[in-house]
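Positions 625 to 726 (my numbering) are the ones given, in order, by the sequence shown.
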Amino acid sequence: MNKYSLSQAAIRDLDEISSYFANVSIEAGDRFVQRFAEKCRNLIKFPKMGRSYAEIMPNLRGVPLDGYIILYQVTEMEIEIVRVISGYRNLESLFFDEEESL
């Protein structure tokens, strides 16, 4: 395993985070992007380092980053970044709301 990918939901999350930082601090946004990429590279090396969120979704794991949680799944080929969300959000309702809208 030597790569990671972003789900469409994770891309939307990162767009929202980027918009927030664009209004608050470009420098802080740049630091967030750098730390996000570094964290993802570390996940490739150590895919089990995150906390398990299996009670929400099988094989879901997460690692903290500056008040956010990078939620991911390990597949045979890659690390899939599922969502990047605020650590203050109710994670269960976030995923159950998505399922109901499908």
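Note that the Cβ used here is the ideal one computed from N, Cα and C, for glycine as well.
Under the three-state reduction of DSSP, TYR677 is assigned to coil, being neither helix nor strand.
Closest in C-alpha terms to ILE641, from the list ILE694, ARG685, LEU684, ASN626, comes ILE694. Within the segment 682 to 723, the complete beta strand (DSSP E) runs of at least 3 residues fall at 684 to 689, 692 to 698, 703 to 710. About 29 Å separates the CB atoms of VAL648 and LEU684; that is not less than 8 Å, and the two are not in contact.
Judged by DSSP secondary structure, SER642 falls outside any beta strand (DSSP E) and instead within the alpha helix (DSSP H) spanning 632 to 648. Scanning PRO682, ILE703, ARG713, SER676 for the CA closest to the CA of SER631 turns up ILE703. A residue is called buried when at least 16 other Cβ atoms come within 10 angstroms of its Cβ; PHE656 meets this threshold and is buried.
Shown here for ALA678: same chain residues with a beta carbon closer than 8 Å to its own, the five before and five after excluded, namely LEU684 in chain order.
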